[in-house]
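**Student:** Dropping the structure in here first, questions after.
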Amino acid sequence: FLMWLIYTGVFYVISLAFHGEGSFKRVFEFVGYGFIPTIVSSVIGLIAMIYVLPTMEFSFEDPHKIQQSMQAMMNNPVMQASSIIGILLTLWSANIWIFGIMHARNLSIRNAVITVGIPIGIYLIYIIYKLL
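The sequence shown begins at 2 in my numbering and counts up one residue at a time.
Structural data, given as structure tokens:
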């Protein structure tokens, strides 16, 4: 719920630069629809972890070994595939948010793409950086 509120606030504030018309409540509603792919992504990530965790050895005694174990888990092809699917589903969410913001704030498609693209672009750069 907190992320829903944060995304709504960020999209609403950015859309102010384009003189968007429409209520925060309406933006909140449309942003909620965009989280449907995120739910799918979470389920896929959970399934990937359930598949990968039994094959991993974890040592909770040494922080360095914990870090090595986490790195090994994230290098697993199943987890990497899950991350790539997560990125694709984030793009799907962004598509929903673009059209939602366009209608909720009465923006042009260009301004809606900018409104959603700035925060989502920053987020995707961060996620891709973590994968590499």
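Positions of the beta carbon are idealized from the N, C-alpha and C atoms, including for glycine.
As the structure is a prediction and not an experimental result, all values here were calculated from the model.
1. With H, G and I counted as helix, E and B as strand and the rest as coil, what does DSSP make of R27?
2. State buried or exposed for F2, treating a residue as buried only when at least 16 other CB atoms are found within 10 Å of its CB.
3. Could you check what DSSP says for F100 in three-state terms: helix, strand or coil?
4. Just list the alpha helix (DSSP H) runs in the stretch 29 to 89, keeping only unbroken ones of 4 residues or longer that don't cross its boundaries, in chain order.
5. Under 8 Å, with one C-beta from each stretch per pair, do the stretch 17 to 37 and the stretch 107 to 122 reach the 3-pair mark?
6. Give every residue of the same chain whose Cβ lies closer than 6 Å to the Cβ of E58, excluding the five residues on either side of it in the sequence, and list them in chain order.
7. Report, in whole angstroms, the separation of the C-beta atoms of V41 and L6, which I expect to be a contact under 8 Å.
8. Shortest alpha-carbon distance to L92 belongs to which of M103, N112, I126?
9. How would you label I110, buried or exposed, when you count the other beta carbons within 10 angstroms and need 16 or more for buried?
10. Exposed or buried, what is I102 when buried is set at 16 or more other beta-carbons lying within 10 Å of its beta-carbon?
11. Let me check understanding here. Comparing Cα to Cα, which of F12, N107, E22, G46 lies closest to S84?
12. Report the rounded CA-to-CA distance for T56 versus M80, giving the unit in angstroms.
**Tutor:** The structure says:
1. helix
2. exposed
3. helix
4. 37 to 53, 64 to 75
5. yes
6. none
7. The Cβ separation is near 21 Å, so there is no contact.
8. It is I126.
9. exposed
10. buried
11. G46
12. 12 Å
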